[in-house]
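Each residue of the sequence shown is one higher than the last, beginning at 1 in this note's numbering.
A virtual CB, placed ideally from N, CA and C, is assigned to each residue, including glycine.
None of these values were measured; they are calculated from a predicted model.
Following: one structure in structure tokens, then a few remarks.
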Amino acid sequence: MTSASPIRTDAVVIGAGPVGLYQAFQLGLQELGVHVVEGLPHAGGQCAELYPGKPIYDLPGIPACSGQELTQRLLQQLAPLRIPLHLGQIVTSLQRLAPDRAEPSPRFRLATDGGLAFECDALVIAAGVGAFLPRKVPVPGLEAWEGRQVHYRDPPADVWTGQRIVVMGGTESAAALALQLADGGAADVTLLHRNDRFAIDAELDERLQSAIGAGWVRLCMGQPVGAIAAADGRLEALEIATADDRRLTLPLDLFMPRLGLNPRLGPIADWGLALERKHLVVDTEGYRTSEPGIHAVGDVNTYPGKRKLIVCGFHEATLAAFAIAQWLRPQERVVLEYTTTSTRLQRLLGVGPG
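The structure is reproduced here in structure tokens:
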């Protein structure tokens with residue numbers, strides 16, 4: 001389901017990781033209309049999701065910087081350009097639009113799983129290793145309740161208040177969610193995991209063990225092997241296999257698995273673009289894919305001599321922005337300007353005369 005009125009813009013950037021954010025910044029310096037779409041509920045991509053606190057040592061002029069700090073710096077740099085970020089939205093389809101000879105018309109229409117639609121003339125795929133999608137529970141038939149009783153992303157509080165909830169996983173997100181639900185009004189919270197060991201930090205583990213000891217959170221050790229439906233079609237319980245070959249029935253109203261995230265190229269792989277080992281093939285002049293108007297930067301692309309480094313992605317984003325500006329303004333000469341001397345760029349960034 002898409003919005004009735006598509007958002008019209010010059011360019012859309014898919015991905016709000018470091019390279020996607022810098023791509024939006026560079027396009028903004030070209031005074032192009034830009035929207036950024038990101039599948040995660042926050043900016044930062046792989047940096048913020050997989051190693052937010054780990055230091056990065058090879059960024060120019062910054063001896064050490066965590067993934068989260070880098071994300072915040074890039075967002076701060078981008079802020080003066082007022083480029084909209086649409087978070088928690090996975091692009092699911094790309095449609096080529098037939099040009100209208102009478103009036104200029106957009107080349108592409110994009111739709112997201114959250115109901116948004118965009119029409120644009122240029123597209124930049126900065127999807128990194130792919131969209132981070134929740135790892136699914138391999139129980140036959142469970143997908144029938146997704147979005148109603150099975151939630152891989154946090155639903156609003158009014159959905160789970162007063163409900164019997166099973167959270168599954170040994171991750172930090174699973175433990176934190178179980179504690180949040182127990183403190184926030186759920187009728188009953190069970191944490192389902194294959195054993196009693198969790199891949200979480202000491203402080204969170206202490207809080208979890210205290211909650212289990214006090215009975216606020218129940219621990220069920222085992223693996224789900226079946227889904228049990230009620231007469232009215234609702235998910236009524238899970239069938240659990242334990243380590244000692246027993247079968248348990250675990251009643252519930254809601255099931256919230258938190259098994260981590262799995263990066264996948266997803267629908268992009270079906271858009272008819274040239275691929276090499278699941279990477280988009282690009283040139284090195286403007287990082288164009290095999291289709292005019294579509295570019296790819298960062299870890300998602302490949303070309304001779306490719307190196308998967310953040311600093312290389314920043315370089316790719318810069319050249320892609322110049323190429324897109326020239327593509328969209330074929331009658332104009334795109335000149336190189338420096339932020340140290342260009343009053344136009346300084347005005348855009350809010351650091352020069354108005």
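Residue i versus residue j: straight-line alpha-carbon distance, rounded
i, j, result
"Leu42", "Ala229", "According to the sequence shown, residue 42 is His rather than Leu. Each residue's alpha carbon lies about 35 Å from the other."
"Arg101", "Cys120", "Since pLDDT at Arg101 reaches only 42, below the 50 mark, its modelled position is unreliable, and no value is offered."
"Gly350", "Thr340", "13 Å"
"Ile324", "Phe314", "15 Å"
"Ile83", "Leu123", "15 Å"
"Gln326", "Thr190", "57 Å"
"Glu143", "Leu319", "43 Å"
"Leu87", "Leu219", "33 Å"
"Ala98", "Leu110", "14 Å"
"Ala157", "Gly53", "28 Å"
Cβ-Cβ distance between residue i and residue j below 7 Å
i, j, result
"Ala317", "Gln77", "no"
"Ala296", "Val282", "yes"
"Ala187", "Gln149", "no"
"Val34", "Ile14", "no"
"Pro55", "Ala48", "no"
"Glu239", "Gly226", "yes"
"Gln89", "Thr71", "no"
"Leu345", "Glu332", "no"
"Val16", "Leu74", "The sequence shown places Ala at residue 16, rather than the Val named in the question. Their beta carbons are not under 7 Å apart, which means Ala16 does not touch Leu74 by this criterion."
"Met168", "Pro257", "yes"
"Ala175", "Leu204", "yes"
Minimum C-alpha distance to residue i - residue among the options
i, options, result
"Val91", "Arg288, Leu81, Thr284 and Gly115", "Gly115"
"Ile165", "Leu177, Asp205 and Leu70", "Leu177"
"Arg264", "Pro52, Phe25, Asp10 and Gly45", "Gly45"
"Pro304", "Pro292, Glu276, Thr242 and Phe322", "Glu276"
"Leu133", "Gly313, Leu261 and Gln346", "Leu261"
"Arg107", "Ala11, Leu336 and His279", "Ala11"
"Asp244", "Arg194, Gly272, Ala175 and Ile268", "Arg194"
"Leu259", "Arg109, Glu172, Leu27 and Asp158", "Glu172"
"Phe25", "Leu81, Gly61, Pro292 and Ser5", "Leu81"
Residue i (DSSP reduced to helix, strand or coil)
i, result
"Val139", "coil"
"Leu336", "coil"
"Ala43", "coil"
"Arg8", "strand"
"Ala274", "coil"
"Gly350", "coil"
"Arg344", "helix"
"Glu38", "strand"
"Asp188", "strand"
"Gly313", "helix"
Any non-hydrogen atom of the ligand GDP closer than 6 Å to residue i Cβ
i, result
"Asn262", "With respect to small molecules bound, the structure shown includes none, and the ligand GDP cannot be examined in it."
Just to confirm the assignment: which complete beta strand (DSSP E) runs, minimum length 3, are found wholly within the region 191 to 217? none
Where are the beta strand (DSSP E) runs, 3 residues long or more, that stay fully inside the region 231 to 261, in chain order? 235 to 241, 247 to 251 and 254 to 257
What ranges does the alpha helix (DSSP H) occupy inside the region 58 to 138, keeping only unbroken runs of at least 4 residues that lie completely in it? 67 to 78
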